[in-house]
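Comments concern the structure below.
In my numbering, the protein residues as written are 135 to 424.
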């Protein structure tokens, strides 16, 4: 069963948000949990209503943590040894559009059914299927531009300058990759990479297919449906909101969305100079706790 988001199908909202990277969370984790629940993954709650899921072999674990210690709402780790350290880890913060997390868990479910060679597949530069830079191809196809903000970072930025993805080269601290934003990959949206509205991180050995599932969803030019009154569900004053028309009316096309977005494109943003902050450091959180 496919759980890919269909923003033009069963609508849940009264406006379209475009570009979709300026949408925010839908406020429910159910769509992103569904692909794994369909495989019979174990689901448990704690007394604070945090959700914990484990694959049948305990080699992949997911935490949905609305009452966690920081803004890392989604944490997903994979293991070669169920009692050893994680091989890779991914984090989505509490403002990431739910559709992007759902895209990840949908492909993760497929990879898990294929076996460890799929969900533990290490990125290998220069290979046809596992080259890490294949993760940015969907973004480049939609006009995102390559940048080199530092000698050790390759970045791509959305045409409106309000989203980006970074790849950091060189040796990284494996523990810091799992607990802070100092990870191999970082995807973000907002006015600045240093103070993003939402972000997602992925550690060094995260399979390319899982990363590409997210970037393909981010790059999709179709808008996302949201409720206008729920201001947390889009990036206020930056997103373009278009009313969802009644049945029988014509919904905005991707071309309509691109034209509107182009007309609102801001001037180039100044280079950021604020140091990165850790997701484990509460004083540096970009917004109020959930």
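Glycine included, every Cβ here is placed at the ideal spot set by N, Cα and C.
Proximity of residue i and residue j at Cβ, strictly below 8 Å
| i | j | result |
| --- | --- | --- |
| residue 230 | residue 334 | yes |
| residue 268 | residue 346 | yes |
| residue 351 | residue 259 | no |
| residue 282 | residue 301 | no |
| residue 292 | residue 322 | no |
| residue 256 | residue 164 | no |
Start-to-end residues for the alpha helix (DSSP H) that takes in residue i
| i | result |
| --- | --- |
| residue 216 | Per DSSP, residue 216 belongs to no alpha helix (DSSP H) and is neither H nor E. |
| residue 169 | 164–171 |
| residue 338 | Run containing residue 338: none; DSSP gives neither H nor E here. |
| residue 273 | 271–275 |
Which of helix, strand or coil DSSP assigns to residue i
| i | result |
| --- | --- |
| residue 413 | Legend: pLDDT at residue 413 = 34, less than 50; position of this residue unreliable, value from coordinates given subsequently. Note: residue 413 maps to coil in three-state DSSP. |
| residue 264 | coil |
| residue 352 | helix |
| residue 243 | helix |
| residue 248 | helix |
| residue 345 | helix |
| residue 310 | helix |
| residue 154 | helix |
| residue 188 | strand |
| residue 287 | strand |
| residue 233 | helix |
| residue 302 | strand |
Boundaries (first-last residue) of the beta strand (DSSP E) holding residue i
| i | result |
| --- | --- |
| residue 176 | 176–179 |
| residue 159 | Taken as a continuous stretch (DSSP letters only), residue 159 belongs to no beta strand (DSSP E), as it is neither H nor E. |
| residue 323 | 319–323 |
| residue 365 | No beta strand (DSSP E) holds residue 365; DSSP gives it neither H nor E. |
| residue 329 | Unbroken run through residue 329: none, as it is neither H nor E. |
| residue 196 | 194–198 |
Residue i classed as buried or exposed, judged by whether at least 16 other C-beta atoms fall within 10 angstroms
| i | result |
| --- | --- |
| residue 172 | exposed |
| residue 182 | exposed |
| residue 146 | exposed |
| residue 207 | buried |
| residue 399 | Residue placement at residue 399 is poorly supported in this model, since its pLDDT is 46, which falls under 50; the coordinates still yield a value, given next. Its Cβ having fewer than 16 others within 10 Å, residue 399 is exposed. |
| residue 349 | buried |
| residue 152 | buried |
| residue 234 | buried |
| residue 248 | exposed |
| residue 261 | exposed |
| residue 179 | exposed |
| residue 284 | exposed |
### Task
Taking 8 Å as the threshold, find out whether the segment 213–229 comes into contact with the segment 322–336 through three or more Cβ pairs.
Short answer: they touch.
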